[in-house]
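The structure under discussion appears below in the form of structure tokens.
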Amino acid sequence: MVSHPVHPGNTAFVTGGASGIGLGIAQAMLDAGLNVVVADVRADHLDRAREALAPAGERALCIRLNVGDRDDWRRSREIVEERWRKLHILCLNAGVGVLGSMVESEAADWEWSTAVNLGGVLNGVEAFLPHMRGHGEPAHIIATSSMGGLIVANDGGIYSSAKYGVVALMEGLRRDLAGTSVSASVLCPAAVNTNIFDHERMRPEAFNSGITRDEDELNRAEALARNILSHGRSPREVGAMVYEALVANAPYVFTDNGVRPTLVARRDALLASAGAL
Numbered sequence: 034m035v036s037h038p039v040h041p042g043n044t045a046f047v048t049g050g051a052s053g054i055g056l057g058i059a060q061a062m063l064d065a066g067l068n069v070v071v072a073d074v075r076a077d078h079l080d081r082a083r084e085a086l087a088p089a090g091e092r093a094l095c096i097r098l099n100v101g102d103r104d105d106w107r108r109s110r111e112i113v114e115e116r117w118r119k120l121h122i123l124c125l126n127a128g129v130g131v132l133g134s135m136v137e138s139e140a141a142d143w144e145w146s147t148a149v150n151l152g153g154v155l156n157g158v159e160a161f162l163p164h165m166r167g168h169g170e171p172a173h174i175i176a177t178s179s180m181g182g183l184i185v186a187n188d189g190g191i192y193s194s195a196k197y198g199v200v201a202l203m204e205g206l207r208r209d210l211a212g213t214s215v216s217a218s219v220l221c222p223a224a225v226n227t228n229i230f231d232h233e234r235m236r237p238e239a240f241n242s243g244i245t246r247d248e249d250e251l252n253r254a255e256a257l258a259r260n261i262l263s264h265g266r267s268p269r270e271v272g273a274m275v276y277e278a279l280v281a282n283a284p285y286v287f288t289d290n291g292v293r294p295t296l297v298a299r300r301d302a303l304l305a306s307a308g309a310l
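Following this line, the structure appears as structure tokens:
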């Protein structure tokens with residue numbers, strides 16, 4: 034087991050870091066004395082994050098990053114290397130909530146979800162893993178999946194397809210990195226009070242949807258999601274959980290045990306099917 038990298042003076046990089054879980058993780062890392070790069074695609078969120086993190090002074094840096102753009106990732110790595118030389122913690126948290134019937138979906142729905150939710154993680158690993166292995170100090174990559182990466186909710190098939198991929202990616206990466214100075218984990222949050230399902234309004238033109246909703250329907254869907262998520266953990270609570278998981282080098286990070294019965298039911302169904310062979 035590698036020694037953990039959560040030490041004052043080390044550097045963390047958080048995608049989707051200007052709001053929600055990402056901002057909670059960034060705040061937890063700053064509280065622990067680390068330098069933090071907050072990367073996000075939304076300029077308005079970055080402006081608010083700069084204000085919120087101003088007390089950290091030069092230890093916090095906010096930059097724009099489109100996780101689907103490999104050139105953006107290359108530039109981000111150059112920024113880290115120029116300013117702090119080494120990256121120790123990579124938090125691949127950026128994601129978009131794509132909900133709707135798979136029957137009504139079109140290629141654009143799948144492409145957007147996959148490009149951000151899975152492709153953004155792959156691009157981050159590709160950009161920073163050689164650097165993190167190269168400096169030889171304890172380092173860690175943690176990616177945000179979801180409980181939707183383990184179970185599929187109603188209208189969640191498109192989202193879960195990418196999030197299942199994140200779980201598999203991080204499980205495989207952890208295995209491949211065993212015995213090295215770098216480790217990997219996956220965060221599978223349940224309800225957290227974030228804006229994850231407000232992203233439909235920000236969908237790029239290139240990913241115009243086959244799942245069409247009028248304004249009233251979109252408002253209702255967003256209101257329902259906000260109501261559910263508002264009863265979940267706060268981003269600061271999740272950030273503290275991620276901090277503890279990094280120290281412990283835990284392979285999985287869960288935010289509550291309320292989904293345990295559903296996971297047990299899925300396990301039992303799998304075992305029952307295997308036992309029928």
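If you want this note's numbering, it's the position in the sequence shown, counting the first as 1, plus 33.
Built from N, CA and C at the ideal position, the CB exists for glycine as well.
Values in this document were obtained by computation on a predicted structure and should not be read as measured data.
Inset, instruction - Measure the C-alpha to C-alpha separation of methionine 180 and asparagine 290 and round it to an integer number of angstroms. - result: 11 angstroms
Legend entry - contact_flag[the segment 158–171, the segment 132–146] where n(CB pairs < 8 angstroms) is 3 or more: no
Legend entry - Inter-residue Cα distance where the pair is threonine 322 and valine 71: One cannot answer for residue 322 here, as it falls past the ends of the chain, which runs 34 to 310.
Inset, instruction - Give me the Cα-Cα distance between valine 280 and tyrosine 192, rounded to the nearest whole angstrom. - result: 29 angstroms
Legend entry - Within the segment 263–289, ranges of the beta strand (DSSP E) (whole runs, at least 3 residues): 285–287
Inset, instruction - Determine the direct distance from the alpha carbon of isoleucine 175 to that of aspartate 102, and round the result to whole angstroms. - result: 20 angstroms
Inset, instruction - Classify leucine 183 as helix, strand or coil using the three-state DSSP reduction. - result: Reduced to three states, the DSSP call for leucine 183 is coil.
Inset, instruction - Compare the beta carbon distance of valine 215 and valine 200 with 9 angstroms and say whether it is the shorter of the two. - result: No, Cβ-Cβ distance for valine 215 and valine 200 is not below 9 angstroms.
Inset, instruction - Hey, could you find the ends of the beta strand (DSSP E) arginine 97 is sitting in? - result: 93–97
Legend entry - Cβ pair leucine 183, leucine 296 closer than 9 angstroms: Against a cut-off of 9 angstroms, the Cβ pair of leucine 296 and leucine 183 comes out as a contact.
Inset, instruction - Check aspartate 105 in the structure and name its three-state DSSP category. - result: DSSP places aspartate 105 in helix when its eight states are reduced to three.
Inset, instruction - Could you say if the segment 108–124 and the segment 75–89 meet the contact criterion of at least three C-beta pairs nearer than 8 angstroms? - result: no
Inset, instruction - Confirm, please, whether the CB-CB distance from tryptophan 117 to glycine 157 is below 9 angstroms. - result: no
Legend entry - C-alpha gap between serine 138 and asparagine 150, whole angstroms: Roughly 17 angstroms between the two C-alpha positions.
Inset, instruction - Pull up the CB-CB distance for alanine 172 and isoleucine 122, whole angstroms please, since I reckon it's below 8 angstroms. - result: 7 angstroms
Inset, instruction - Compare the Cα-Cα distances from glycine 128 to each of Arg75, Ala305, Ala298, Ala302 and report the closest residue. - result: Arg75
Legend entry - Backbone CA spacing between tryptophan 145 and glycine 55 [nearest angstrom]: 20 angstroms
Legend entry - Rounded C-alpha distance that separates methionine 34 from leucine 202: Confidence in methionine 34 is poor, its pLDDT being 48 and thus under 50, which makes the residue's placement too unreliable to answer from.
Legend entry - Residue range of the beta strand (DSSP E) that includes serine 216: 215–221
Inset, instruction - Output yes or no for whether 9 angstroms exceeds the beta carbon distance between threonine 44 and asparagine 126. - result: no
Inset, instruction - For threonine 288, count neighbouring C-beta atoms within 10 Å of its own C-beta (all shown protein chains included) and say buried if the count is 16 or more, exposed if not. - result: buried
Inset, instruction - Report yes if the CB atom of glycine 50 is closer than 9 angstroms to the CB atom of cysteine 124, and no otherwise. - result: yes
Inset, instruction - Identify the continuous alpha helix (DSSP H) that holds asparagine 156 and give its terminal residues. - result: For asparagine 156, the enclosing alpha helix (DSSP H) has its first and last residue at 152–168.
Inset, instruction - Give me whichever residues DSSP pairs with asparagine 68 in a beta bridge. - result: Its beta-bridge partners are Thr44.
Inset, instruction - Quick one: grab the DSSP three-state call for alanine 51. - result: DSSP places alanine 51 in coil when its eight states are reduced to three.
Inset, instruction - Starting from the Cα of cysteine 221, find the closest Cα among Val275, Gly169, Gly205 and give me that residue. - result: Val275
Inset, instruction - Let me know if proline 41 comes out buried or exposed under the rule of 16 or more other beta-carbons within 10 Å of its beta-carbon. - result: exposed
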